[in-house]
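If you count by mature numbering (1 follows the signal peptide of the UniProt record, and there is no 0), then the sequence shown holds residues -19 to -1, 1 to 534, one letter each, in order.
No residue lacks a Cβ here, since even glycine has one placed at the ideal position from N, Cα and C.
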Amino acid sequence: MLMLLLLLVPALVAGGTECNPRDFGADSVVCVCTASDCDLQGVIPVPADGLFTTVTSSRDGLRFAQNTSSLESTPNPDADVSVVLDHSTDYQTIFGFGGAFTDSTGINIASLPLKAQDFLIKWVDMSYFSPDGIEYNLCRLPMAGTDYSIRTYSYDDVEGDVDLVNFNLTIEDYQYKLPYIKQAQQVANKELLLFGSPFSPPAWMKESGSFFGSGSILKEMWEPYANYFIKFLQAYEAEGAPMWGVTMQDEPLAGLKDSSWNNCYWSPEDTRDWIKTHLGPAMKSAGYGDVKLMIHDQTRDTIPWYVIPCLDDAECNQYVDGTALHWYADLLTSPDSMDETHNLYPGKFMLYTESCDGKWYVCACPEKFMLYTDSCDGKWYVCVCFEKFMLYTESCDGWNAEPDEKVILGSWVRAENYAFNILEDLNHWATGWVDWNMALNMSGGPNWASKAADSPIIINTDAGEFYKQPMFYALGHFSKFIPPGSIRMPSTVSGPGSGDVIAVAVHDIPSLTNVAIILNRGDSSKSVSVDSGSGTEFMNFVMPAKSITTVLF
């Protein structure tokens, strides 16, 4: 069992609509949405004094099932799991949760049948962003193309245009990104925070002259590329979608070896030097000094190693707000690296900026160091070998190497993977968790590089419907009940059935609402007793097998 405890800020939500379940032969079900029918979670009210509410999703088909009971003056003495909140210490402030406005997300939403498109698009937006949905508030925006595009492109593909006179947003921005960003802004009840992430500079700025493969940006292009960032920030601001933040480069180590998707190699030292001499000053002078600048944007097995050169340099440090992380190596690496990084740089936040699930390959990398640079589907799990630095090389064993399982309709295993990882990351200083594509097709695409992945929403264009995966609800147990501004606090977990348990707590002074999020990974039900921290008020309840429960009190 794994758990997260929170004291939060919310205007929480009341009475939703039922899931229309369909079994595709996996270990759980999807919820089917059509033009006329789609489940919504509704506004779930804060319980009255003396009461608590549980919201549960399970492998056996529960989706945000609600129950309200009375607080008790004593704990259940026979509880399998006991949880105690501690209000004495504040940890990190939470920014939020969300997904990415990739080209593929927009392409798939736009592929819905024209006859019912307005209704279906409304259901997608409401499901993700509205108070009746799971209330995403923090979303990633690729700066031009990624592998989840149908072509390779940048915002200025005119070779040699160092003055960027041909810089322009593209048809993808105007058809597949901005319309859905604006609709999300309209249905949301909180500010939508956007952060941009480049996957590759314009190809003509790179040593290779290619969007993919291997190699770095030419150093003589450092200044034009900093200006490219400014033009991106200006362009989206002009469209009514200002950026809350930017990451410097998606997976900056992917370009060390030939990679079949958009990339650019940045060493830690080049990252440091470009930020302090070009990007940081350019953002400040253009009036974007308050835009959050994040470095790394890579798996946690390379921190703190990657960030030390930049954050130990005073000139670079002044421009950097945080470290961006991807989840792809987390099943194989310890979260202790996050603690170490936080202890070195407590004033810099850590944010999970990309995550998705699918079967993974782990390939052999016998020399020196193995770096997991990407994964959603095992076909392209990549190893990179360094000349110095070693970590977790014993993991290079071909583990979990089935190539066929990209989209699995109704996979509870993947929902559980998400919930476990979010809980673990929040316990180790993460300030939020952002999923990758918000909507993919039945094959896990489109993707120009022939990579495929799973997604919380899968769109079936032929049937004119879409499916909410168990992952969607796992994410919602966090995004709906941990609003921005919540603060993690200590908690302890014990008991004969506690097993693999993590407890995290957050609180917000104005609301004084407590939330506990608990993941039961066991195959049997668990009796749980939660101590509110006073020692006089307890929540005693039973969690189903293979379930996630959010407790509000």
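Pair within 9 Å by beta-carbon distance, residue i and residue j
i	j	result
residue 105	residue 14	yes
residue 3	residue 20	no
residue 123	residue 83	yes
residue 89	residue 322	no
residue 80	residue 429	no
residue 213	residue 275	no
residue 331	residue 272	no
residue 545	residue 174	The structure shown has nothing for residue 545, since the chain only spans -19 to 534.
residue 427	residue 129	yes
residue 23	residue -3	yes
residue 314	residue 243	no
residue 424	residue 338	no
Beta-ladder partner(s) of residue i, from DSSP
i	result
residue 177	122, 227
residue 333	306, 414
residue 441	446
residue 132	Paired residue(s): none; residue 132 is not in a bridge.
Nearest-angstrom Cα separation, counted from residue j out to residue i
i	j	result
residue 454	residue 284	30 Å
residue 302	residue 410	14 Å
residue 58	residue 509	10 Å
residue 319	residue 281	7 Å
residue 329	residue 468	15 Å
residue 31	residue 527	28 Å
residue 529	residue 452	11 Å
residue 209	residue 161	24 Å
residue 257	residue 297	5 Å
residue 219	residue 166	15 Å
residue 413	residue 207	27 Å
residue 28	residue 495	10 Å
residue 398	residue 435	13 Å
residue 16	residue 245	42 Å
residue 293	residue 299	10 Å
residue 356	residue 432	Because residue 356 sits at a pLDDT of 37, beneath the cut-off of 50, its placement in the model cannot be relied upon, and the following sentence gives the value as read from the coordinates. Their Cα atoms are separated by approximately 9 Å.
residue 525	residue 481	16 Å
residue 188	residue 197	6 Å
residue 254	residue 406	29 Å
residue 580	residue 158	Any property of residue 580 remains undetermined from this structure, which presents the chain solely from -19 to 534.
residue 181	residue 199	12 Å
Distance cut-off 8 Å: residue i Cβ against heavy atoms of the ligand SAH
i	result
residue 452	Inclusion of the ligand SAH in the displayed structure is not the case, the ligand content being empty and no account of it being possible.
Nonlocal neighbours in the same chain, by C-beta distance under 6 Å from residue i, ignoring five residues either side
i	result
residue 135	125, 183
residue 523	506, 508
residue 402	308, 311
residue 137	145, 147, 148, 183
residue 266	none
residue 458	498, 529, 531
residue 131	427, 429
residue 169	110
Own chain residues within Cβ distance below 8 Å of residue i, not counting five before or after
i	result
residue 519	52, 53, 54, 55, 56, 57, 510, 511, 512, 513
residue 278	178, 228, 229, 230, 231, 232, 233, 305, 306, 307, 334, 335
residue 289	249, 325
residue 415	78, 79, 80, 81, 119, 120, 121, 332, 333, 334, 335, 336
Mind pulling the beta strand (DSSP E) runs of 3 or more residues that sit fully within the segment 503 to 530? Runs of the beta strand (DSSP E) spanning 3 or more residues and lying entirely within the segment 503 to 530 occur at 507 to 512, 519 to 524, in chain order.
Could you tell me which whole beta strand (DSSP E) segments of length 3 or greater appear in the segment 152 to 207? The segment 152 to 207 contains these whole beta strand (DSSP E) runs: 174 to 179.
Which runs of the beta strand (DSSP E) at least 3 residues long sit entirely within the segment 259 to 329? Give them in chain order. Listed in chain order, the complete beta strand (DSSP E) runs (minimum 3 residues) inside the segment 259 to 329 are 273 to 280, 303 to 307.
If we require 3 or more residues per run, which beta strand (DSSP E) segments fall completely within the segment 77 to 120? Counting whole runs of 3 or more residues, the segment 77 to 120 contains the beta strand (DSSP E) stretches 77 to 81.
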